[in-house]
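Undergrad: What follows is a structure written as structure tokens; I'll ask about it next.
The structure is reproduced here in structure tokens:
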């Protein structure tokens, strides 16, 4: 409570629009955390609450507790998501779309890897963050396969590879907002221009084909059972 009040004082604000927990605390009961967050909302210090880097089961558990106890519920998840890192599509995105939780994407260019300035040997002509800090973890072969396709689309549209990577995210229905991080004004301008890029169905299909996740259980079983049930209904 006191840290929030101190933040408001430093920011010269009377409330925080969105207050997010940066990670899951295994040492504190979720109920205790939710009571504290609800107190902040009820006192008007915070409008909405959210989390970052939580698993789907942790968020669903918290949403259930909030509903049972009549507490403020999580409105957002800040998570890593890129065309080369679509892991959260397995559990998190279906959960969020089902429960009405918004997705804020961090590191949308995978720490600069998807900017188009790196080659398969990890070299870049102008230097970059990835050379000093190789994070977040990325399957490099998979990422460069994506970059190869994005580069063709970017050249055809006369835009940058980074803009295509960001535009792909903005075309995903689960994405509420994208958090960009630029070192120079020209990088910021380039990133912001991604909002004006429209990807065609053909281009989206090409990007999906090169970046789609390999099928895993229970996903392939759910898909199989769903197809079987739809066939049953179609025959009635």
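Residue numbers (our numbering): 817 to 1052. In this text, a Cβ means the ideal position worked out from N, Cα and C, and glycines have one as well. Given the structure is predicted, the values throughout are model-derived calculations rather than measurements.
1. Using a Cβ distance threshold of 8 Å, determine whether the stretch 881-893 contacts the stretch 858-870, with at least three qualifying pairs required.
2. Hey, how far is the Cα of residue 903 from the Cα of residue 1032?
3. Which residue marks the beginning of the beta strand (DSSP E) containing residue 840, and which one marks its end?
4. For residue 900 versus residue 954, is the C-beta distance shorter than 8 Å?
5. Taking just the CA atoms, how far does residue 1017 sit from residue 989?
6. By how many angstroms is the C-alpha of residue 923 removed from the C-alpha of residue 849?
7. What residue from 957, 987, 847 and 863 has the CA that sits closest to residue 832's CA?
8. Which of the three DSSP states, helix, strand or coil, is assigned to residue 890?
9. According to DSSP, is residue 833 part of a helix, a strand, or is it coil?
10. What are the complete beta strand (DSSP E) segments, minimum 3 residues, inside the stretch 847-900?
11. Rounded to a whole number of angstroms, what is the C-alpha to C-alpha distance between residue 1013 and residue 975?
12. From the DSSP output, in three-state form, read off residue 932 for me.
13. Within 10 Å of its beta-carbon, does residue 897 have 16 or more other beta-carbons around it, so buried, or fewer, so exposed?
14. Whose CA, out of 866, 858, 829 and 855, lies closest to the CA of residue 839?
TA: In this structure, then:
1. yes
2. 11 Å
3. Per DSSP, residue 840 belongs to no beta strand (DSSP E) and is neither H nor E.
4. It is a contact, given that the beta carbons lie within the stated cut-off.
5. 14 Å
6. 27 Å
7. 863
8. strand
9. DSSP places residue 833 in strand when its eight states are reduced to three.
10. Segments of the beta strand (DSSP E) lying fully in the stretch 847-900: 862-868 and 890-896.
11. 9 Å
12. The three-state secondary structure of residue 932, taken from DSSP, is coil.
13. buried
14. 866
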